[in-house]
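Student:
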């Protein structure tokens, strides 16, 4: 019963991000190094991310990492060697934090938060999978972050929308319902048509029109013109019947003569 309830809550959360933030497949899931290390370090209860993520998100999912995540996994040594090798084989999101002379490197947590902020500037929703409680707490303060975590039972699930996400969705709905300045100006001009404001458009009130002058004219008498097929002719202003009138031909129904049968004498 508990599993069915959590699955329902995950579907409701996913629907919320689809409706209010336009989250659509294929989903590019940014996986944290802690999650990769957690799912790969337990061979007896291993989670196959390439199969589990599409089931959780109900659509095609692409696993992604950044250069900072790979660098952090390599710094952990042999304990996270399998996670670092797995992260090297998946897709990489563009990252501005490159290692080298004169460039300041950041942690994987700061890199993930920067990626979520960049997605917010572009008006998109970021999907992040993590097992770090500190990172999950910071992601809950961001409105455009759809978070996937691995909890008890070693199963992935979509977390419920945070208060920041719900508040952002309400503000977007109120903004859609409210009227803009241009719409307010048009409505005010319709209510007060005699307003002398330069920005208002003056509407002309419709007045009843007079009758059509053509409809007031007297009707002209109809003049009958003799047709070519008429049986009457006009001569000297008089109408006389023509002897060469067109006759109607009747069609007679002729009965077919039956041939009489001749009976031969016996």
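In this note's numbering, the protein residues as written are 1 to 266. Glycine is no exception: its CB is placed at the ideal position from the N, C-alpha and C atoms.
(1) Which of the three DSSP states is assigned to residue 92 in this structure?
(2) CA-CA distance, residue 49 and residue 63?
(3) Looking at the secondary structure, which residues open and close the beta strand (DSSP E) in which residue 204 lies?
(4) Report buried or exposed for residue 73, applying the criterion of at least 16 other Cβ atoms within 10 angstroms of its Cβ.
(5) Out of curiosity, what's the CA-to-CA distance linking residue 28 and residue 174?
(6) Please classify residue 190: is it buried, with 16 or more other beta-carbons within 10 angstroms of its beta-carbon, or exposed?
(7) Entirely within the segment 103 to 145 and at least 3 residues each: give me those beta strand (DSSP E) ranges in chain order.
(8) Are the beta-carbon atoms of residue 156 and residue 148 separated by less than 8 Å?
(9) Would you mind stating whether residue 130 and residue 34 have Cβ atoms separated by less than 8 Å?
(10) List the DSSP bridge partners of residue 166.
(11) Output needed for residue 20: all residues of its chain with C-beta closer than 7 Å, excluding positions within five of it in sequence on either side, in chain order.
(12) Does the Cβ of residue 212 have 16 or more other Cβ atoms within 10 Å, making it buried, or fewer, making it exposed?
(13) Mark residue 76 as exposed unless 16 or more other C-beta atoms lie within 10 angstroms of its C-beta, in which case mark it buried.
(14) Give me the Cα-Cα distance between residue 92 and residue 70, rounded to the nearest whole angstrom.
(15) Using only CA atoms, which one of 158, 46, 97 lies nearest to residue 128?
(16) Since residue 157 is in the beta strand (DSSP E), which residue starts that stretch and which ends it?
(17) In angstroms with no decimal places, state the Cα-to-Cα distance between residue 46 and residue 119.
(18) For residue 116, count neighbouring Cβ atoms within 10 angstroms of its own Cβ and tell me buried if that reaches 16, exposed if not.
(19) With respect to the beta strand (DSSP E) encompassing residue 62, which residues constitute its N-terminal and C-terminal limits?
(20) Less than 8 Å between the beta carbons of residue 14 and residue 57, yes or no?
(21) Given a threshold of 16 other Cβ atoms within 10 Å of its Cβ, counted over all protein chains shown, does residue 207 qualify as buried or as exposed?
(22) Please report the straight-line C-alpha distance between residue 8 and residue 144, rounded to a whole angstrom.
(23) Is residue 82 helix, strand or coil by DSSP?
(24) Name the two residues that bound the continuous beta strand (DSSP E) containing residue 181.
Tutor: On the basis of the data shown:
(1) Here residue 92 is taken as the residue at index 92 of the chain shown, counted from 1. Under the three-state reduction of DSSP output, residue 92 falls in the strand class.
(2) The residue given as residue 49 occupies position 49 in the chain shown. The residue given as residue 63 occupies position 63 in the chain shown. Distance between residue 49 and residue 63, taken at the CA atoms: about 8 Å.
(3) If you number the chain shown from 1, residue 204 lands on position 204. Premise fails: residue 204 is in no beta strand (DSSP E) and is neither H nor E.
(4) The residue you call residue 73 lines up with position 73 of the chain shown. That one is buried.
(5) On the chain shown, residue 28 is found 28 positions in, with the first residue counted as 1. On the chain shown, residue 174 is found 174 positions in, with the first residue counted as 1. Using only the alpha carbons, I get a separation of about 29 Å.
(6) Counting from one through the chain shown, the residue named residue 190 turns up at place 190. Burial call: exposed.
(7) The segment 103 to 145 contains these whole beta strand (DSSP E) runs: 126 to 130.
(8) Locating residue 156 in the chain shown gives position 156, where the first residue counts as 1. Locating residue 148 in the chain shown gives position 148, where the first residue counts as 1. Yes, the pair counts as a contact, with Cβ atoms nearer than the cut-off.
(9) As a first step, residue 130 is located in the chain shown; it is residue number 130 there, counting from the start. As a first step, residue 34 is located in the chain shown; it is residue number 34 there, counting from the start. Contact flag set, yes.
(10) Taking the first residue of the chain shown as position 1, residue 166 is located at position 166. The partner list for residue 166 (beta bridge, DSSP) is empty, contrary to what the question assumes.
(11) For the purposes of this step, residue 20 is taken as the residue at position 20 of the chain shown. Around residue 20: 169, 172.
(12) Position 212 of the chain shown, counted from the start, is the residue given in the question as residue 212. Exposed, by the Cβ-count rule.
(13) Looking up residue 76 in the chain shown gives position 76. Per the 10 Å Cβ criterion, exposed.
(14) One-based indexing of the chain shown puts residue 92 at position 92. One-based indexing of the chain shown puts residue 70 at position 70. So the alpha carbons of these two residues sit roughly 10 Å apart.
(15) Looking up residue 128 in the chain shown gives position 128. Selected option, being the one with the closest Cα: 158.
(16) As a working mapping, residue 157 is identified with position 157 in the chain shown. Following the DSSP letters along the chain, one finds residue 157 inside the beta strand (DSSP E) bounded by residues 156 to 158.
(17) Start at 1 with the first residue of the chain shown, and residue 46 comes out as number 46. Start at 1 with the first residue of the chain shown, and residue 119 comes out as number 119. About 31 Å.
(18) As a first step, residue 116 is located in the chain shown; it is residue number 116 there, counting from the start. When all chains shown are included, residue 116 counts as buried.
(19) Residue 62 sits at position 62 when you count from the first residue of the chain shown. Where residue 62 is concerned, the enclosing beta strand (DSSP E) stretches over 61 to 65.
(20) The count along the chain shown starts at 1 and reaches residue 14 at position 14. The count along the chain shown starts at 1 and reaches residue 57 at position 57. Closer than 8 Å, so yes.
(21) Reading the chain shown from its first residue, position 207 is the one you call residue 207. Residue 207 should be labelled exposed.
(22) Taking the first residue of the chain shown as 1, we reach residue 8 at position 8. Taking the first residue of the chain shown as 1, we reach residue 144 at position 144. Rounded to whole angstroms, residue 8 and residue 144 show a C-alpha spacing of 21 Å.
(23) Position 82 of the chain shown, counting from 1, holds the residue named residue 82. Helix.
(24) Along the chain shown, one-based indexing puts residue 181 at 181. Premise fails: residue 181 lies in the alpha helix (DSSP H), 181 to 191, not in any beta strand (DSSP E).
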